[in-house]
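Asks:
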Amino acid sequence: SKTSCFSSDLSIKAAFAGVLQRMDLELGQSIAAGSEVALIGSTDDLIAMINVAQSSAQQLSLKQKVRIDTYQQVITGHIVRINPVVFENTVEIEVVFDAEQPANVRPEQSISAEIIIESLINILYVQRPAKVQAASKQFVYKLNQNKSEAELSAIGFGKQANRSIEIIEGAQAGDTLII
């Protein structure tokens, strides 16, 4: 009979232990040999896949430190791969954990990350004024010492970090800028 050609045990077992991430089959569905049945995610040796804005990608380098927030704890890691392809104005990077992988991380878990581009110590900085870019010189109003008048002053700006920008010339600590 035809049924004798089939095994009575139609169970499928994964080659390794993990977490079931996706199963596209329905009960009783027929599949061809070699078809994907499910996606099993390993819970060992996970990496963080982070999308970075294309405009910030030129600041990335291998081994850069990254702080990963799992919304339960903050873990440190470093960049091991930067995808050379831009997709939807983002560049994907891969980050591995510096210490042992925490027990509460899972495949496909939502995270946020902070990439540490550079640590600047003892710098003068302000909230970045509108239309001011890094490594530029702009005219900004600065209050005089009596704080009674504002004078247009040339200010040299250095490196930018998020909403802050470094002042490299034209102002000192304690000066009040009108931004």
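If you're matching positions, the sequence shown starts at 842 in the working numbering and goes up one per residue.
Note that CB positions come from ideal geometry on N, CA and C, so glycine has one too.
Predicted, not measured: the structure shown is a model, and the values here were computed from it.
1) So, under 8 Å CB-CB, residue 961 and residue 1000 are touching, yes? Tell me the CB distance rounded to an integer number of Å.
2) Taking residue 957 as the reference, which of 1016, 941 and 908 has the closest Cα?
3) Among the residues of its own chain, which have a CB less than 6 Å from the CB of residue 796, if the five just before and after it don't count?
4) Name the residue from 997, 932 and 948 whose alpha carbon lies nearest to the alpha carbon of residue 969.
5) Going straight from the alpha carbon of residue 971 to that of residue 884, what length do you get?
6) Does the pairing of the region 873 to 890 with the region 850 to 859 give three or more beta-carbon distances under 8 Å?
7) To the nearest angstrom, report how far apart residue 803 and residue 880 are at their CA atoms.
8) Suppose the cutoff is 7 Å on Cβ atoms and the five residues either side in sequence are ignored; what does the same chain contact list for residue 932 look like?
9) Give the DSSP-derived three-state secondary structure of residue 977 in the structure shown.
10) Would the region 1007 to 1017 count as touching the region 985 to 997 if we require 3 or more Cβ pairs under 8 Å?
11) Among 980, 1004 and 1005, which has the Cα closest to the Cα of residue 993?
12) Which one of 1018, 867, 991 and 863 has the shortest CA to CA distance from residue 965?
Replies: Answer, in terms of the structure:
1) 7 Å
2) 908
3) With the chain covering 842 to 1020 only, the question about residue 796 has no answer from this structure.
4) 997
5) 45 Å
6) yes
7) Residue 803 lies beyond the range of the chain shown here (842 to 1020); nothing can be said about it.
8) 893, 895, 898, 923 and 924
9) strand
10) Touching, yes.
11) Ranking 980, 1004 and 1005 by Cα distance to residue 993 puts 980 first.
12) Nearest Cα to residue 965 within the set 1018, 867, 991 and 863: 1018.
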